[in-house]
Each structure stands twice: as C-alpha cells, then as structure tokens.
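**Student:** Following UniProt numbering, the numbering of the sequence shown begins with 1 at its first residue and continues without gaps. For glycine and all other residues, C-beta sits at the position ideal for the given N, C-alpha and C.
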Amino acid sequence: MDLEGIVRRLYPDVEKAKTKLIEEIRFYKGDRYNAEEISNVILTEVMNSMKADSIFGFPKTNIKAGEAGLGSRGIGDNLIHTKLFELAGKQIEEYDDAGIRENIVVSIDGIHSRLSYFPFLAGFYATRATLRDIMVKGAYPLGLIVDIHLSDDSDVGMLIDFEAGVTSIGKALNVPILSGSTLRIGGDLVLGDRISGAVGSIGVLKSKDFLRRRVTKGLKILMTEGNGGGTIATTAIYNGMPDVISETLNIKDLITCIVVRDHLSSNVYSMTDVTNGGIRADALEVSKITNLSFVIDDEKFLSLINPKVRKMLEEINIDPFGISIDSILIFTDNPDLVKERLAQHNIRSEVIGYIDDFRQYPIITYGGKELKPQFRESPYTPIKNYIGNYSPYSIEYISNRLDYAIAEAKTKMDNVLKNLKTSFT
Numbered sequence: 001m002d003l004e005g006i007v008r009r010l011y012p013d014v015e016k017a018k019t020k021l022i023e024e025i026r027f028y029k030g031d032r033y034n035a036e037e038i039s040n041v042i043l044t045e046v047m048n049s050m051k052a053d054s055i056f057g058f059p060k061t062n063i064k065a066g067e068a069g070l071g072s073r074g075i076g077d078n079l080i081h082t083k084l085f086e087l088a089g090k091q092i093e094e095y096d097d098a099g100i101r102e103n104i105v106v107s108i109d110g111i112h113s114r115l116s117y118f119p120f121l122a123g124f125y126a127t128r129a130t131l132r133d134i135m136v137k138g139a140y141p142l143g144l145i146v147d148i149h150l151s152d153d154s155d156v157g158m159l160i161d162f163e164a165g166v167t168s169i170g171k172a173l174n175v176p177i178l179s180g181s182t183l184r185i186g187g188d189l190v191l192g193d194r195i196s197g198a199v200g201s202i203g204v205l206k207s208k209d210f211l212r213r214r215v216t217k218g219l220k221i222l223m224t225e226g227n228g229g230g231t232i233a234t235t236a237i238y239n240g241m242p243d244v245i246s247e248t249l250n251i252k253d254l255i256t257c258i259v260v261r262d263h264l265s266s267n268v269y270s271m272t273d274v275t276n277g278g279i280r281a282d283a284l285e286v287s288k289i290t291n292l293s294f295v296i297d298d299e300k301f302l303s304l305i306n307p308k309v310r311k312m313l314e315e316i317n318i319d320p321f322g323i324s325i326d327s328i329l330i331f332t333d334n335p336d337l338v339k340e341r342l343a344q345h346n347i348r349s350e351v352i353g354y355i356d357d358f359r360q361y362p363i364i365t366y367g368g369k370e371l372k373p374q375f376r377e378s379p380y381t382p383i384k385n386y387i388g389n390y391s392p393y394s395i396e397y398i399s400n401r402l403d404y405a406i407a408e409a410k411t412k413m414d415n416v417l418k419n420l421k422t423s424f425t
C-alpha cells in the first residue's frame, strides 16, 4: 500500500486522504504507531514534495502502465520499448536479449511480479533469465549483480530466501555475486509484504556473438525443449497446480547455450529464448530487426513443451504460443549436427520451422495460420484472464501519448545535459 500515492490521489481533499491513511496504517501496523499523528506527518511531507512537481514532475500521458501493456510482453510492451530505444538514442538493430559493448555483455532481469511470496523461486528464475540472456549471445558469464527491495512489512526471511535462489544458479555455474543493493520500496511510505528487484549479469565474448540481426532467410529454426521458468511456475502456483513447479527447476536452457558456444559456433548464426510473450513476441522482435518471418510447424512446437507443462496449459486453456516456455531458438544451416550434439547432453530439440521473406505477419504456420501478435502475453493467472488481453486505447493513441512524454523528457534531459557539459569543460 503506497501511502504517498493515497495522498496524491485524493489531494486536495486532505481530510479524506487522512481518513484513508489512518485506515491503512492501522491495518498494517495495528497499535504500533499513533495513526493520526503519523498521518499528519505524511500529509505534510507529501504536500511539501508537490512543490517540486512543476520543475521535476513527470509528463502525464494519462495512460496507466497496465492499460499501455507495460511488462505484459505483447504489442503494447514492444511499442514502449521501441520508444525507450528512441529516447536513449539506440538503434532497433540493438533490440536483443542482452547489450554488448567492446566484447562485454550485460543483461538485467526483474523478478516476476507475482513471486513475492515465493522469493526463492523469484531469485532462482531471475538469475537464470539474466544469465541466459548473456549466454544466448555467446558470452562467458563473469558475475551477478543483485538489487532487491522489500516493502516495510516484508519479513527479512524473504531477503534470505531470495538470495538463496540467486546463489543456487550462481553455484551451479560457478558464477559469483559481485555486487548488490538491498533497500525498502518507498522507505516508510509503502506498507505491505511485496518485494521487487532484479538480478543482472555481466559476461565476456571470446569469439563470435549470436545476435538477432544475424538471422537470415533460409536458416532453419531449431528449438529445444521448453520446461518453463518464472511464468510457468507462476501459472502453476496461482492455478493450484504446484506439482508442475518442479519441472521448471533445471538449467537445460543454460547448458544449451554452453554447448552451442563451445562446440557449434561455426554452425549457428543466432540464438534467442522463448520467454517474454512467447514465440509470438520473439518473432515480432526479430522481424522488426530483419524484416523476415518465422514459418513454423505448430505441432512440432507443441511437442517440445514439457508434457506436464503442456497438460497444464491445455487444462486451463492458455495459448502456448504467447507464453514463456524457456526454450532456446537456434538459427542454423546444419540442424542435424546441432540436434545430435544437444542430444549428447540429454537435451531434446527439433526443427520447428524456417526463416522466410516477410509474410505480412512476423510468424505463420506451415498451414498458413497467422499467429498475430497480441496486445499482452497469454493470460496465465485468473486475474490476468479476468482483466483480458486488450487495452481501452488504440496502439496509435498510446504511441502518440508516448511521443508527447518523450518530447517532454528530452527537453528536461537536454537542459540538464547543458549544465553537465559545462561542468565537464
């Protein structure tokens, strides 16, 4: 519960804000504090902060994050990231799993938003995801960076459990934690048990990379088995199927990256993972860079999903093409050799398709079915299913409002940069 947000939402009705503050403070803190006194302190502090809004307040798009699709790994999220690239001055060709500069490869992955009450899993999957992002580009991992925030009422045991999840992956691959930060969300003004944060990784390229821009027409798409990660575990937890979680607790995706990096680099041109938004989103992102399409055998794709995971998805009617299954997509001109080598490490893989000229959509099936990009990833929890896979706003409207925010932010950025450059010279 964001106490500062309550005041800002209800202002200028100070009395209503105070009443709501007292209610929330008593709910979370009981009689530990004088709720009325602390509410007065919060009101004064937040109203003081509003004096800075005209100088350093953010540009108002009047579109909420959920309505824009932020973090929901579909068209909306893709649009937002494209706009962020524009603000940062990056090229669309850099839209990849990880960033590379002078053979140093870096990535960061936030913890799954619904795994707060399962911090070991949150740490485990975030660590595996960030390492996968650099390793799928061909990097040798050097270390991890951890950033974890607890709400004021979070049990400190959540921090310990999270760190254990991170360390489990780190020890499995002999990758140490190099640095970290531990804070509270909103300091004293965010009550509750929610945790948030991210795990980052850094690695080094010693030979070639496997960037998405290296995908070319005619390459075969080899996919490894998909056992799932944080998204599949969350699906299992919140749909009452916890027995599926154990299927996700492996590092076959990371082993795949190692095998390709160390033994198959001359036969593989690019790699990426089937994670955020599923293969629909992968195809959308690769297509943006290359102007090519995935043409896939949908049955072959389904056959590579872990049987228990696939059964769960079928039982609760979740579209498997729009959800993270944590497979690795390998773009190669010698799929038989790659498949044989992976099999030596007990990793299943099959050719699921090929790359072709752009066919109106980023991904289609052999039978001609268009797997259109969705606004969000496949709804995989009851609340996601209830909210639905759409936005009250058109993509064009969201894009225009983002353009306005970017223009405003650029003005602020340019003004600050003038001072920074003056100080430097």
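Thinking C-alpha only, which one of ALA52, ASP147, VAL14 is nearest GLU36?
**Tutor:** Here residue 36 is taken as the residue at index 36 of the sequence shown, counted from 1. The option with the nearest alpha carbon to GLU36 is VAL14.
**Student:** According to DSSP, what are the bridge partners of residue 431?
**Tutor:** In the structure as shown, the chain starts at 1 and stops at 425, and residue 431 therefore has no counterpart that could be examined.
**Student:** Residues bridged to LEU304 by DSSP?
**Tutor:** Position 304 of the sequence shown holds residue 304. Per DSSP, none; premise fails for LEU304.
**Student:** Taking Cβ to Cβ, would you say residue 427 is nearer than 8 angstroms to TYR269?
**Tutor:** Shown here, the chain extends from 1 to 425; a query on residue 427 therefore has no answer.
**Student:** Can we say the stretch 363 to 383 touches the stretch 311 to 322, given the rule of at least three CB pairs closer than 8 angstroms?
**Tutor:** Touching, yes, given that three or more Cβ pairs across the two stretches are closer than 8 angstroms.
**Student:** Could you pull out every unbroken beta strand (DSSP E) segment of at least 3 residues lying fully inside the stretch 113 to 160, listed in chain order?
**Tutor:** Entirely contained in the stretch 113 to 160, the beta strand (DSSP E) runs reaching 3 residues are, in chain order, 140 to 150.
**Student:** Taking a contact to mean a Cβ-Cβ separation below 8 angstroms, would you say ARG401 touches THR61 in this structure?
**Tutor:** Counting from 1 along the sequence shown, the entry for residue 401 is found at position 401. Counting from 1 along the sequence shown, the entry for residue 61 is found at position 61. A contact, by the Cβ cut-off of 8 angstroms.
**Student:** Which first and last residues belong to the alpha helix (DSSP H) in which TYR380 is found?
**Tutor:** Locating residue 380 in the sequence shown gives position 380, counting from the first residue. Taken as a continuous stretch (DSSP letters only), TYR380 belongs to no alpha helix (DSSP H), as it is neither H nor E.
**Student:** Is it true that the CB of ALA164 sits closer than 8 angstroms to the CB of PHE120?
**Tutor:** The residue labelled residue 120 in the question sits at position 120 within the sequence shown. The residue labelled residue 164 in the question sits at position 164 within the sequence shown. Cβ distance < 8 angstroms, so PHE120 and ALA164 count as in contact.
**Student:** Is the distance from the Cβ of HIS149 to the Cβ of LEU189 below 8 angstroms?
**Tutor:** Working through the sequence shown from its first residue, we reach residue 149 at position 149. Working through the sequence shown from its first residue, we reach residue 189 at position 189. In this structure, LEU189 does not lie closer than 8 angstroms to HIS149 by Cβ.
**Student:** Among GLY57, LEU87, ASP77, ASN317, whose alpha-carbon lies nearest the alpha-carbon of ALA407?
**Tutor:** The residue you call residue 407 lines up with position 407 of the sequence shown. Answer by Cα proximity: LEU87.
**Student:** Buried or exposed: where does VAL416 fall if 16 or more other Cβ atoms within 10 Å of its Cβ makes it buried?
**Tutor:** Numbered from its first residue, the sequence shown carries residue 416 at position 416. Exposed: under 16 other Cβ atoms inside 10 Å.
**Student:** Between the alpha carbons of SER394 and TYR361, how many angstroms are there, rounded?
**Tutor:** Along the sequence shown, read from residue 1 onward, the residue named residue 394 stands at position 394. Along the sequence shown, read from residue 1 onward, the residue named residue 361 stands at position 361. Their backbone Cα atoms lie some 19 angstroms apart in a straight line.
**Student:** Have a look at PRO392, TYR397, LYS412, ASP403 and flag the residue whose alpha-carbon is nearest the alpha-carbon of GLU67.
**Tutor:** Residue mapping note: residue 67 aligns to position 67 of the sequence shown, counting from 1. Here the closest residue by C-alpha is PRO392.
**Student:** When the Cα atoms are used, what is the spatial distance from LEU371 to PHE358?
**Tutor:** In the sequence shown, counting from the first residue as 1, residue 371 sits at position 371. In the sequence shown, counting from the first residue as 1, residue 358 sits at position 358. Rounded to whole angstroms, LEU371 to PHE358 spans 13 angstroms at the Cα level.
**Student:** CB-CB under 8 angstroms to ILE42, same chain, minus the five flanking residues each way: which ones, in chain order?
**Tutor:** Taking the sequence shown and counting its residues from 1, one reaches residue 42 at position 42. Cβ within range, chain order: LEU3, GLU4, VAL7, LEU21, LEU189.
**Student:** Tell me the rounded alpha-carbon separation between ASP326 and ILE232.
**Tutor:** Counting from 1 along the sequence shown, the entry for residue 326 is found at position 326. Counting from 1 along the sequence shown, the entry for residue 232 is found at position 232. Their backbone Cα atoms lie some 9 angstroms apart in a straight line.
**Student:** What whole-angstrom Cβ distance do ALA236 and ARG73 have, given they're in contact under 8 angstroms?
**Tutor:** What you label residue 236 is simply residue 236 of the sequence shown in a count that begins at 1. What you label residue 73 is simply residue 73 of the sequence shown in a count that begins at 1. Between ARG73 and ALA236 the Cβ distance is about 18 angstroms, and since that is not below 8 angstroms, they are no contact.
**Student:** Rounding to the nearest angstrom, what Cα-Cα distance links ARG26 and ARG194 in this structure?
**Tutor:** Walking along the sequence shown from the start, residue 26 turns up at place 26. Walking along the sequence shown from the start, residue 194 turns up at place 194. Between ARG26 and ARG194, the C-alpha separation is close to 18 angstroms.
**Student:** Let's test the definition: count the other Cβ atoms within 10 Å of the Cβ of PHE58 and tell me whether it reaches 16, buried, or not, exposed.
**Tutor:** Sequence index remark: in the sequence shown, residue 58 carries index 58 (1-based). Exposed, because fewer than 16 other Cβ atoms sit within 10 Å of the Cβ of PHE58.
**Student:** With 16 other CB atoms within 10 Å as the buried threshold, where does ARG114 fall?
**Tutor:** Along the sequence shown, read from residue 1 onward, the residue named residue 114 stands at position 114. Buried, by the Cβ-count rule.
**Student:** Whole angstroms is fine: what's the gap from VAL204's alpha carbon to TYR140's?
**Tutor:** One-based indexing of the sequence shown puts residue 204 at position 204. One-based indexing of the sequence shown puts residue 140 at position 140. If I take the Cα positions, the gap works out to 5 angstroms.
**Student:** Should LEU84 go down as buried or exposed, given a rule of 16 or more other Cβ atoms within 10 Å for buried?
**Tutor:** In the sequence shown, residue 84 corresponds to position 84, counting from 1. Exposed: under 16 other Cβ atoms inside 10 Å.
**Student:** Could you name the residues of the same chain whose beta carbon sits closer than 6 angstroms to that of ASP273, not counting the 5 residues immediately before and after it, in chain order?
**Tutor:** Counted from its first residue, the sequence shown places residue 273 at position 273. Counting only Cβ-Cβ distances below 6 angstroms, and skipping sequence neighbours, we find ARG132, VAL136, ILE328.
**Student:** Got a sec, what are the start and stop residues for the beta strand (DSSP E) THR182 sits in?
**Tutor:** Along the sequence shown, one-based indexing puts residue 182 at 182. Start and end: 177 to 184.
**Student:** From the DSSP output, which residues share a beta bridge with ASP273?
**Tutor:** Position 273 of the sequence shown, counting from 1, holds the residue named residue 273. In the DSSP output, where bridge partners are listed per residue, ASP273 has ILE328.
**Student:** Contact defined as beta carbons within less than 8 angstroms: I believe LYS220 pairs with VAL351. What is the distance between those atoms, to the nearest angstrom?
**Tutor:** Locating residue 220 in the sequence shown gives position 220, counting from the first residue. Locating residue 351 in the sequence shown gives position 351, counting from the first residue. With a Cβ gap of about 5 angstroms, LYS220 and VAL351 count as contacting.
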